[in-house]
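Visitor: Got a structure for you, questions after.
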Amino acid sequence: MAGRLLLRACTTTAALRLRSSALLTPFHRAVATQRGIPTDEEQATGLERRALQALKQGKDPYSMLKPKTYAGTKEDPHIVPCIGTKRLVGCLCEEDNTAIVWFWLHEGDAQRCPSCGSHYKLVHHELPH
Ligand SMILES: [Zn+2]
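Take any residue in the sequence shown, note its place counting from 1, add 38, and you have its number in the working numbering.
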C-alpha cells in the first residue's frame, strides 16, 4: 500500500514536472525525455557524431573497425597503409610465435617477409582531418 502511494506520488510529480518543463524547453527535448534514454546516435556530437555517421555509410575514416584480413599471397597481399614512402612492418609468421620479424616495407611492388614469405604491399593513405 505504501509502495503504491509512493508510486502514485512519484508519477504525479513527474507529470507535473514534465508539464512545466514542456512549457520552458523546446518540444523535441520534452518528447525525448518521454521516450527514455537517448541512443548514442541521438546524443553524439562533434567528432563522435561524424564517426558514427561515417560508419553508418560503411566508411571507416578513423580506422576504428578491425582491419580486413588478407591471405598474404602474391595475388592478395597484406595491405599496409602508410602516409610516407616506407614503413616498418612486424610479421608474426606463425600464430603462436613469440618473436616478431621486423622489416622495412617500401613503396612499389609487394614485398615478402624474410622469414615466412608472406606478401605485404604498401598503400598510400591520407590521414583524416
Ligand atoms: Zn613472416
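Beta carbons are placed, not taken as given, at the ideal position from N, Cα and C, and that holds for glycine.
Source: prediction; values computed, not measured.
Straight-line CA distance for residue 157 to residue 80?
Guide: Walking along the sequence shown from the start, residue 157 turns up at place 119. Walking along the sequence shown from the start, residue 80 turns up at place 42. The alpha-carbon atoms of residue 157 and residue 80 are separated by roughly 43 Å.
Visitor: In chain order, what are the residue ranges of uninterrupted beta strand (DSSP E) at least 3 long that sit wholly in the segment 67–125?
Guide: With a minimum length of 3 residues, the continuous beta strand (DSSP E) runs that stay inside the segment 67–125 are 116–120.
Visitor: Could you tell me whether the segment 106–123 touches the segment 136–149, using the rule of 3 or more Cβ pairs below 8 Å?
Guide: The segment 106–123, when compared against the segment 136–149, does touch it at the 8 Å Cβ threshold.
Visitor: Can you tell me which residues form a DSSP beta bridge with residue 128?
Guide: Along the sequence shown, one-based indexing puts residue 128 at 90. Per DSSP, 140.
Visitor: Between which two residues does the beta strand (DSSP E) harbouring residue 157 extend?
Guide: If you number the sequence shown from 1, residue 157 lands on position 119. Start and end: 157–162.
Visitor: Which class does residue 59 belong to by DSSP, given the choice of helix, strand or coil?
Guide: By one-based count along the sequence shown, residue 59 stands at place 21. The pLDDT assigned to residue 59 is 48, lower than 50, so where the model puts this residue is not dependable; a value taken from the coordinates is nonetheless given after this. Residue 59: helix per DSSP, three-state reduction.
Visitor: Could you check how far apart the C-beta atoms of residue 129 and residue 139 are, in whole angstroms? I think they sit under 8 Å.
Guide: Here the question's residue 129 lines up with position 91 in the sequence shown. Here the question's residue 139 lines up with position 101 in the sequence shown. The pair is a contact, with the Cβ atoms about 5 Å apart (cut-off 8 Å).
Visitor: With a 10 Å radius around its C-beta and 16 neighbouring C-beta atoms as the bar for buried, classify residue 151 as buried or exposed.
Guide: Translated into positions along the sequence shown, residue 151 becomes position 113. So residue 151 counts as buried.
Visitor: Does the distance between the C-beta of residue 127 and the nearest non-hydrogen atom of ligand 1 fall short of 6 Å?
Guide: Along the sequence shown, read from residue 1 onward, the residue named residue 127 stands at position 89. Residue 127 Cβ: outside cutoff for every heavy atom of ligand 1.
Visitor: Between the Cα of residue 155 and the Cα atoms of 132, 161, 165 and 106, which residue gives the shortest distance?
Guide: Here residue 155 refers to the residue found at position 117 when the sequence shown is read from its first residue. With distances taken between Cα atoms, residue 155 lies closest to 132.
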